[in-house]
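Input: a single structure, listed below in structure tokens.
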Amino acid sequence: MLLSDTLITAYRGVTANVSRALLTMLGIIIGVGSVVLMSAIGASMQGVILGQISSLGAKSMVIFPGQMEGGPNSVGAGHDSLTFDDVEALRKLRTIENVAPVIFVTGTSSYGNSESSPQVFGVTEDFFLNQTISATEGRLLDASDVEGGKAVAVLAPDAKEKLFGSVDPLGKRLKIGSLHYTVVGVSKALGSQFFQNADDRIYVPFTVARTVSGQKFVNYITMLATENFDIAFDDVKSLLRQRHSIENPEDDPKDDDFIVRSSAQANDILGSVSLGLTLFITTIAAISLLVGGIGIMNIMLVSVTERTREIGLRKAIGARPKDILFQFLIESVLLTVIGGMIGMAFGIGIAFLAAVGISGLLSTYHFAVSMPSILASLLMAAITGLVFGISPARRASRLHPIDALRYE
Amino acid sequence: MMRKSSPSIKAKGNDSPLIETRKLNKSYVNDDVVTPVLHDVDLMIERGEFVAIMGPSGSGKSTLMHILGFLDTHSSGSYLFQGEAAGAMDDDALARIRATRVSFVFQAFNLLPRTTVLENVTLPLLYHPTIPVSERRERALRAIELVGLTDRKDYLTSQLSGGQKQRVAIARALVTEPDVIFADEPTGNLDSASGIAVMDALQTLHERGHTIILVTHERTTAEHAERIIHIKDGRIDSDTKGFKRVVANAVRSLK
Chain G
1 MLLSDTLITA
11 YRGVTANVSR
21 ALLTMLGIII
31 GVGSVVLMSA
41 IGASMQGVIL
51 GQISSLGAKS
61 MVIFPGQMEG
71 GPNSVGAGHD
81 SLTFDDVEAL
91 RKLRTIENVA
101 PVIFVTGTSS
111 YGNSESSPQV
121 FGVTEDFFLN
131 QTISATEGRL
141 LDASDVEGGK
151 AVAVLAPDAK
161 EKLFGSVDPL
171 GKRLKIGSLH
181 YTVVGVSKAL
191 GSQFFQNADD
201 RIYVPFTVAR
211 TVSGQKFVNY
221 ITMLATENFD
231 IAFDDVKSLL
241 RQRHSIENPE
251 DDPKDDDFIV
261 RSSAQANDIL
271 GSVSLGLTLF
281 ITTIAAISLL
291 VGGIGIMNIM
301 LVSVTERTRE
311 IGLRKAIGAR
321 PKDILFQFLI
331 ESVLLTVIGG
341 MIGMAFGIGI
351 AFLAAVGISG
361 LLSTYHFAVS
371 MPSILASLLM
381 AAITGLVFGI
391 SPARRASRLH
401 PIDALRYE
Chain F
409 MMRKSSPSIK
419 AKGNDSPLIE
429 TRKLNKSYVN
439 DDVVTPVLHD
449 VDLMIERGEF
459 VAIMGPSGSG
469 KSTLMHILGF
479 LDTHSSGSYL
489 FQGEAAGAMD
499 DDALARIRAT
509 RVSFVFQAFN
519 LLPRTTVLEN
529 VTLPLLYHPT
539 IPVSERRERA
549 LRAIELVGLT
559 DRKDYLTSQL
569 SGGQKQRVAI
579 ARALVTEPDV
589 IFADEPTGNL
599 DSASGIAVMD
609 ALQTLHERGH
619 TIILVTHERT
629 TAEHAERIIH
639 IKDGRIDSDT
649 KGFKRVVANA
659 VRSLK
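Those protein sequence lines, which keep their order, are chains G and F. Residue 202 in our numbering is what sits at position 202 of the first sequence, and the numbering runs on without skipping anything. In short: position in the second sequence from 1, add 408, done, that's our numbering.
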């Protein structure tokens, strides 16, 4: 029998009872569908996190005040462990450069009738280097702005949009709290950082922020490692522990009153997250394909029994055992592959709808699919069809023609 | 019409009888219980014959036909088909013989459900090793025409009457131009008018030179054949030729 004839015969076997075929495929549909969906969400989230890491800069490090235990919410505002003297001391370390302290300024921002509450960052010129921020209009803050304590501001794109709309902000005077600032530039879009919108920000000179806020401490410090992250890490930690009189021979971050983070760590975290996600997806796939495969085998056994006389007839008119074997094997593989494709369509469709929904909340979330996962799950579905189809197909191929023809 | 088979087999087939059995025995074994069905059957059938195998149910006539038609295997003795020993054939060789040299018409029609007349008649060609795909349709249409169902070729088999179904089965049996067509109680599920139409179709095939071996327990059906073999308790009881002998034999069997 020609392969094309076997394929057509198997296809007709599958389509002879569409509703049963669909029910049989359900396990495979759900299995492949969930794998495709989960991997698509994973790919989208990876995009979000990768975006954050690249916006942080490849060699960038960040020191937050506070302790690990409290979680991310206890980080930043409210903790006063990082002082200006700490900043000066850090600047003397050779393993790091561009030490850039940040102070948050509170208060509503306004221009004309527009009011908004963006985050206002008091920064030095190094901050922009560390975070690879460039200007799309005008200029960024420079050393003379910081040293001279000039009342100038750089707007991130969302803050500009909210306050100025379509008006050209350059040279306009913006009010933050009780002080007026002249807009000198607009920075490029960053997306989100640590799940916060990094584009709804206004940057003002660090010296101005320090004066306005009256703060004796900084909210966080960014810097770059000059060469090696590990050495830079150790230097920063030992310096701060020494300055804060912290005994921490165990290197337990819970004992520190500061937290050091780097984009390399974020990369590691991303790596372990995606490994975890991959294992999770693989487990789902394995379980659902196993369940789906058992369903397929069950129905194929029923089908072989139901069609015993047909098998007998095919043998009586000259079908070889392997013709019958292939017919039922291909039928089983068709069931799983068609089921896999339906599942893939569902998975991609739901992932797309989810992306449309989530991107409203998280602007850097984009619809993405993981082609390797899709191909792997389709391949696994086909293999499931082969593995679970072999036993029913062998049973069919071994039927004795006369017994099969007499079967009631 | 040209038969497509390998030249060596054909050459051998030309000087050997179509079917020749010597001391053919068949017994079924079930849980160590041996049930003998056929005893020392010696039989020779030549090309072009129309043979009816008759006998009461349980006589072994169907088993004999299944062995002759390569659907079943014998236990001992020998069965030569055109000089080839059936006992020496493996599964693939048996399948090839079923695909090319023999075919069946069953009592229960055994047509595929949810498929058309044309598809059912084309089915054996899917398993034929040498008939090319391009000839399938033409051959199937010719076979359908021969049984007079050209106007029904696109009907689903479920839309046909019993007699029409059996004529579809006959078309399916002759589409590969086999050496012999076996018919197992072909009129058993039919009313008398349909039965006559089916027997007429077989008669036509015989007149066109086909070898036909018919199994039946009905005297009137067997009368269509030119040779009648009676099987009783697994042995050949009588082997008669000609219509008169048929009648005489039938009368004797009624006693």
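Virtual Cβ for every residue (Gly too), placed ideally from N, Cα, C.
Asked	Found
Any chain F beta carbon closer than 8 Å to G:G292	no
Inside the stretch 199-279 of chain G only - alpha helix (DSSP H) runs reaching at least 4 residues	206-213, 229-244
DSSP-derived helix/strand/coil call for G:A5	Looking at the sequence shown, residue 5 of chain G is not Ala but Asp. Helix.
Within-8 Å CB hit, G:E331 to chain F	no
Short-range partners of chain F found in the stretch 311-340 of chain G, where Cβ spacing is below 9 Å	G312, L313, R314, K315, A316, I317, G318, A319, R320, P321, K322, D323
8 Å Cβ cut-off: residues of chain F touching G:L405	L479, F514, N518
Secondary structure of F:M497, DSSP reduced to three states	coil
Contact belief for G:V184 with G:V154 at Cβ below 8 Å, rounded distance in angstroms	6 Å
Members of the stretch 613-630 of chain F that neighbour chain G once the beta carbon cut-off is set at 7 Å	none
Assigned exposure category for F:P540 - 16 Cβ within 10 Å defines buried	exposed
G:I390 to G:L399 span [Cα, whole Å]	14 Å
The stretch 285-305 of chain G / the stretch 318-335 of chain G touching (three or more Cβ pairs under 8 Å)	yes
Cβ neighbour criterion (16 or more within 10 Å) applied to G:L379	exposed
Proximal chain F residues relative to G:A16, where beta-carbon distance stays under 8 Å	R522
Beta-carbon contacts of G:G339 that lie in its chain and below 6 Å, excluding the five residues immediately before and after	M25, I28, I29
Buried/exposed call for G:R320, threshold 16 Cβ in 10 Å	buried
Sequence-distant residues of its chain with Cβ nearer than 7 Å to G:L179 (five each side left out)	A151, V212
Neighbour-count burial assignment, F:S484, 16 or more Cβ in a 10 Å radius	exposed
Near-chain G residues of the stretch 460-476 of chain F (beta-carbon distance less than 7 Å), N- to C-terminal order	H474
Distance, F:V529 Cα to F:Y535 Cα	12 Å
Three-way DSSP call (helix, strand, coil) for G:K59 in this model	coil
Residue-chain proximity (F:H638, chain G), Cβ-Cβ < 8 Å	no
G:G138 - partner residues in DSSP beta bridges	G:G185
Boundaries of the beta strand (DSSP E) in which F:T443 is found, first to last residue	441-453
Near-chain F residues of the stretch 385-404 of chain G - C-beta to any C-beta below 7 Å	P401, I402
The stretch 439-456 of chain F in contact with the stretch 625-632 of chain F per 3-pair CB rule at 8 Å	no
Neighbour flag for G:A309 against chain F, beta carbons, 8 Å	The question names Ala, but residue 309 of chain G in the sequence shown is Arg. Interface residue, yes.
First through last residue of the beta strand (DSSP E) which encompasses G:E115	114-116
C-alpha distance - G:R12 paired with F:D448, whole-angstrom precision	45 Å
Sequence-distant residues of its chain with Cβ nearer than 6 Å to G:I176 (five each side left out)	G107, S109, V120
Own chain, CB closer than 6 Å to F:M497, minus 5 neighbours either side, in chain order	none
Buried or exposed by the 16-neighbour rule on C-beta atoms within 10 Å, applied to G:F280	exposed
Own chain partners of G:V333 with C-beta closer than 7 Å, once the 5 adjacent residues on each side are dropped	A382, G385, L386, G389
Residue-level contact to chain G via CB, F:L426, 8 Å cutoff	no
Beta-carbon contacts of G:Y407 that lie in its chain and below 6 Å, excluding the five residues immediately before and after	T308, R309
Beta-ladder partner(s) of G:A175, from DSSP	Just to set this straight, residue 175 of chain G is Lys in the shown sequence, not Ala. Looking at the DSSP assignment, G:K175 forms a beta bridge with G:S110, G:H180.
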